[in-house]
Amino acid sequence: MGLNISKLAKEIKPSATLSLKEEVNSLEKEYGFTIIDLTAGQPDTGPTEDVLQALLEGGKLHKYGPVQGDLELRGILSEVINREIGVRYDPQDIAITVGVKSGIDILMKVLLEPGENAGIIVPFWVTYPEAVRLAHGIPCFVESDQALRPDPARLRKEVEENNIKVLLYSSPCNPSGVVYTEDELQGIAKIVKEKNIWVISDEIYGACVFHGRKHRSILSIEDMRSNAILVDGASKRFGVPGWRIGYVAGPREVIAAFTKLQGHINSGTSRPEQYAMRIAYTSEKARQATEQMRQRYERNADIFVNGLSQAYGISCIKPEGAFYAFPNIKKLFGTEYEFAGKRYRIKTSTDFRNFLLRKAQVVAVEGSAFGMDDYIRFSLATNEETIVNALGNIKSAVGELA
Ligand code: PMP
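Read in order, the letters of the sequence shown correspond to residues 1 to 402 in our numbering.
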């Protein structure tokens with residue numbers, strides 16, 4: 001008998017976007033298409049010159065550093081958190097991570113016993129359920145309301161019935177673009193406190209909020225400090241997802257345990273990047289670049305969602321932040337189309353994604369990857385011309401289904 005890999009490794013779902021790449025490549029090759037890619041979970045910008053320069057300078061930090069992260073950067077982040085969400089975390093209560101992804105992964109291992117339940121608000125970022133499974137926990141899904149907003153009544157029921165120990169969500173939300181209001185956060189906080197559970201607040205899109213709204217954090221609600229953990233990072237804010245840098249802030253005991261695990265998992269994140277982040281989080285140039293990016297994505301969201309609302313069978317809530325549109329496509333299920341001499345029927349979000357690929361030459365990510373099969377996610381982190389072209393293609397392709 002041959003040697004086996006683990007059941008866990010076999011059962012973890014591959015990233016939806018990676019398998020898509022293969023399909024896009026084969027369509028481009030076979031039919032000579034140029035496909036407009038609206039799958040990117042990353043900004044179309046990069047770091048400002050001063051931050052890039054700092055990264056090069058940071059190369060001189062070539063030895064292992066503190067596993068928890070360089071103290072200078074943790075000091076700066078303590079100020080950033082205080083300024084932006086109004087809570088003071090001592091640098092000792094902050095750990096620098098290999099991106100938000102690794103932050104969440106290690107947190108799950110810190111907070112969950114094998115077999116314990118983690119509540120994930122739907123729709124969710126694709127990695128959350130897998131991070132729970134990697135910690136031998138069980139993901140439990142908490143439905144949102146019709147407008148994709150958090151629903152405290154359902155949350156309470158789910159927490160009670162499934163004995164949820166950790167709750168996880170992103171606001172601004174990837175994929176829906178919903179930004180939780182103060183009232184909604186108060187509603188969640190009340191349940192978290194009453195049931196005494198952990199809550200992980202993923203605020204990676206906090207700097208990308210539209211139309212004068214303010215990003216709010218559950219951490220700023222009174223009494224939340226002993227239950228809430230913040231995860232955030234530089235990938236979106238400074239356009240550096242390839243640099244792999246993020247942070248967690250929370251109760252001292254959690255951060256100490258986090259650091260202990262991180263010491264064996266990755267020894268902390270790259271020090272040149274940490275050095276560059278000292279500049280990024282204090283640079284006026286970088287702040288302006290983030291704001292310009294925010295304004296462009298706000299405009300892209302307006303153009304795209306207004307345009308989509310005229311398309312046959314599609315309805316989309318207006319994104320309030322992040323850089324995605326997440327329209328409902330359920331009315332198009334049951335429709336049929338022809339491509340390369342074959343007839344296809346659209347029954348799922350994956351079928352609709354394939355329809356767009358073949359007939360509109362636009363690629364997006366099926367809603368099922370985010371826990372909602374009646375939806376599809378478009379990334380708007382691109383230039384306006386691409387948005388306008390994609391919209392034109394989608395509208396005419398969908399028009400043929402009418
Ligand atoms: N959280 C959310 C909600 C995201 O959308 C992403 C990136 N797509 C991440 C976390 C991961 O970020 P990082 O690059 O810091 O690992």
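We put the beta carbon where it would ideally sit given N, CA and C, even for glycine.
- The DSSP-derived three-state label of ASN117 is strand.
- When only Cα atoms are considered, LEU38 and PHE352 end up about 14 Å apart.
- Cβ neighbours of LYS13 within its own chain (closer than 7 Å, five residues either side excluded): GLU130.
- Contact check for PRO272 against LEU61 passes: the beta carbons are separated by less than 8 Å.
- By DSSP's assignment, SER379 forms a beta bridge with TYR324.
- Ordered along the chain, residues surrounding the ligand PMP are GLY41, GLY99, VAL100, LYS101, TRP125, SER170, ASN174, ASP202, ILE204, GLY233, SER235, PRO241 and GLY246 [Cβ under 5 Å from any heavy atom].
- One thing to note: ILE200 has its Cβ no nearer than 8 Å to the Cβ of VAL178.
- Following the DSSP letters along the chain, one finds ILE197 in no beta strand (DSSP E), marked with neither H nor E.
- Contact between the region 339-348 and the region 97-104 is absent: fewer than three C-beta pairs spanning the two stretches fall below 8 Å.
- Assignment of TYR297 by DSSP, reduced to helix, strand and coil, places it in the helix class.
- In this structure, ALA360 is the residue among LEU55, ALA360, ILE229 and ALA286 with its C-alpha nearest to the C-alpha of TYR337.
- Listed in chain order, the alpha helix (DSSP H) runs fully inside the region 107-175 are 127-134 and 152-162, counting runs of at least 4 residues.
- Here the C-alpha atom of MET372 lies approximately 6 Å from the C-alpha atom of PRO123.
- Excluding five sequence positions before and after GLU72, the CB atoms of its chain that fall closer than 7 Å to its own CB belong to ARG278, given in chain order.
- Rounded to the nearest whole angstrom, the C-alpha separation of GLY392 and LYS285 is 35 Å.
- Apart from sequence neighbours up to five positions away, the residues of its chain that approach VAL166 with a beta-carbon distance below 6 Å are LEU111, ALA118 and TRP198, ordered along the chain.
- Here the region 376-391 makes contact with the region 317-334; the two share three or more CB pairs at distances below 8 Å.
- Selection SER176, ARG88 and ALA390 evaluated against ILE121 yields SER176 as nearest (Cα-Cα).
- The alpha helix (DSSP H) runs of length 4 or more contained entirely in the region 308-356 are, from start to end of the chain, 349-355.
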